[in-house]
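A.B. asks:
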Amino acid sequence: MAPQFRLAAEWARQGAVLMAWPHSDSDWASRMEEAEPVFRGIALAVLADEDVIICCRNPSQGSEIKRFLTLESASRGGTGTVHIVAVPTNDTWARDFGPLTLTDGTHHRLVDARFNAWGAKFDSALDDQVNGHLHSGGLFGKLPLNPMNLIVEGGALETDGCGTLLATRHCLLNPNRNGDVSTEWMETQLRAHLGLDRFLWLDHGALEGDDTDGHIDTLARFCSDDHIVYQGCDQPADSHYSELQAMARELAGLERRDGTPYRLTELPWPDPLYTPDGRRLPATYANFLITNHAVLVPVYGVPQDDEACETLDACYPGRRVTPIQCRPLLAQGGSLHCLTMQLPPGVGLHE
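Written as structure tokens, this is what we have:
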């Protein structure tokens with residue numbers, strides 16, 4: 002029997018990381034000065050040893066971005082290449098509108114899910130067309146791009162690469178995506194399109210200020226097929242305490258295929274951060290990005306940053322931990338992982 006194509010784990014070999022640059026017609030318009038340094042920092046960290054594909058507003062913006070990143074990366078000894086494509090976007094959350102990667106261990110395919118901005122909360126028509134533009138423009142090389150008539154975001158899916166999915170019901174089953182669907186219906190769709198065959202559902206876990214209805218990539222992540230790292234909360238007075246403690250108990254009750262429990266590692270709870278008008282910001286250390294040789298960790302200028310980096314360093318031996326100051330991203334409801342989507346070998350422009 003031929004190997005089955007399955008949703009790839011993030012730690013599988015990558016060919017590039019996809020990003021979409023902020024512009025003056027996006028929600029970043031009034032925050033460009035503080036946002037762009039974060040985008041540059043993420044791109045440069047990836048370029049240390051991996052390519053970056055960047056969607057930009059127009060060729061002029063693209064030339065400026067490529068010139069800066071190429072020169073700065075070279076000065077740091079980076080070996081990755083910057084690939085620029087001018088494509089219209091509504092926003093910058095490539096994790097959620099970028100393509101999903103399937104692999105059989107040797108070959109790769111890309112899947113283009115539908116995107117409606119987390120339940121039609123914002124405009125999304127341009128973002129929903131990005132993957133088609135990239136494919137027709139040759140940015141995906143010879144890899145096929147298969148459409149999936151299902152509204153689902155990359156940030157809602159966490160897999161061990163062996164067919165197991167970790168997700169929250171409140172997000173994937175939310176009627177603002179695919180209507181009023183059952184768990185069984187959703188599992189059937191994910192089996193058919195993404196090769197998943199085991200489903201671990203969480204009923205708890207939420208962050209104030211999060212627009213996604215509970216993306217798993219803000220809450221809990223696989224380190225391997227037997228190890229999960231998750232965002233904890235050890236402050237009983239914090240409004241998140243009960244919900245995240247309940248999530249931790251759910252995780253402790255999950256079993257691997259062989260019936261044994263997962264190894265669990267808790268991430269520290271960052272001190273609360275707020276907007277000037279008092280709105281809580283969705284800071285989480287679980288929103289990190291795994292690349293071929295590194296783990297890019299969002300930090301926020303709070304005392305728990307160092308402990309979070311040390312914790313993730315122990316979770317991913319053999320990968321260097323690179324902290325990225327991501328506090329400016331929280332104002333738009335996301336963080337580091339939300340801005341990025343890993344892509345398999347074979348992507349990029351090949352002249």
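Here the sequence shown stands for residues 2 to 352, numbered as in my numbering.
The beta-carbon is built from N, C-alpha and C at its ideal position, and this holds for glycine as well.
#1: Assuming contact is defined by CB atoms lying nearer than 7 Å, are R222 and A315 in contact in what I supplied?
#2: Please report the distance separating the alpha-carbon of E188 from that of V88.
#3: Any chance the region 289 to 303 sits against the region 313 to 333, with 3 or more Cβ pairs inside 8 Å?
#4: Considering Cα atoms alone, identify which of Y317, N175 and L8 is closest to G357.
#5: Give me the Cβ distance between H194 and V112, rounded to the nearest whole Å; I'm assuming they're in contact under 8 Å.
#6: When burial is assigned at 16 or more other CB atoms within 10 Å of the CB, is N59 buried or exposed?
#7: Does the region 260 to 272 touch the region 219 to 238, meaning 3 or more C-beta pairs lie closer than 8 Å?
#8: Would you report the Cα separation of D105 and G162, rounded to the nearest angstrom?
#9: Give the secondary structure of E159 by DSSP, where H, G and I count as helix, E and B as strand, and everything else as coil.
#10: Express the C-alpha separation of W12 and S64 in angstroms, rounding to a whole number.
#11: Name the residue from T276, P304 and R320 whose alpha carbon lies nearest to the alpha carbon of L290.
#12: Can you check whether the CB of E244 is closer than 7 Å to the CB of H294?
#13: What are the boundary residues of the alpha helix (DSSP H) that includes R178?
#14: Check the C-beta distance from L252 over to T102 and give it rounded, since I have them as a contact under 8 Å.
#15: Once DSSP output is grouped into helix, strand and coil, what is the label at Y286?
#16: Can you name the residues that DSSP bridges to Y231?
#17: Starting from the Cα of L173, find the closest Cα among V153, A207, T261 and W186 and give me that residue.
C.D. replies: This is what the structure holds:
#1: Within the sequence shown, numbered from 1, the residue matching residue 222 stands at position 221. Within the sequence shown, numbered from 1, the residue matching residue 315 stands at position 314. Not a contact, by the Cβ cut-off of 7 Å.
#2: Indexing the sequence shown from 1 puts residue 188 at position 187. Indexing the sequence shown from 1 puts residue 88 at position 87. Spanning the two alpha carbons is a distance of roughly 33 Å.
#3: Yes: the two stretches touch, three or more of their Cβ pairs being nearer than 8 Å.
#4: This structure leaves residue 357 out entirely; the chain is present only between 2 and 352.
#5: In the sequence shown, the residue the question calls residue 194 occupies position 193. In the sequence shown, the residue the question calls residue 112 occupies position 111. That belief holds up - the Cβ atoms of H194 and V112 are roughly 6 Å apart, short of 8 Å.
#6: Sequence index remark: in the sequence shown, residue 59 carries index 58 (1-based). N59 comes out exposed.
#7: Under the Cβ criterion (8 Å, minimum of three pairs), the region 219 to 238 counts as touching the region 260 to 272.
#8: Stepping through the sequence shown from its first residue, residue 105 is reached at position 104. Stepping through the sequence shown from its first residue, residue 162 is reached at position 161. Each residue's alpha carbon lies about 10 Å from the other.
#9: Here residue 159 refers to the residue found at position 158 when the sequence shown is read from its first residue. Three-state result, E159: strand.
#10: Looking up residue 64 in the sequence shown gives position 63. Looking up residue 12 in the sequence shown gives position 11. CA-to-CA, the gap between S64 and W12 works out to about 31 Å.
#11: Within the sequence shown, numbered from 1, the residue matching residue 290 stands at position 289. The option with the nearest alpha carbon to L290 is R320.
#12: Within the sequence shown, the letter at position 293 stands for residue 294. Within the sequence shown, the letter at position 243 stands for residue 244. Taking 7 Å as the Cβ cut-off, H294 and E244 do not qualify as a contacting pair.
#13: Translated into positions along the sequence shown, residue 178 becomes position 177. Looking at the DSSP string, the run of the alpha helix (DSSP H) that includes R178 is P176 to N179.
#14: Taking the sequence shown and counting its residues from 1, the one referred to as residue 252 is at position 251. Taking the sequence shown and counting its residues from 1, the one referred to as residue 102 is at position 101. Rounded to whole angstroms, the Cβ separation of L252 and T102 is 25 Å, and the two are not in contact under 8 Å.
#15: Your numbering for residue 286 matches position 285 in the sequence shown. Coil at Y286, not helix or strand.
#16: Looking up residue 231 in the sequence shown gives position 230. Paired residue(s): A221 and E267.
#17: Here residue 173 refers to the residue found at position 172 of the sequence shown. Out of V153, A207, T261 and W186, V153 has the C-alpha closest to the C-alpha of L173.
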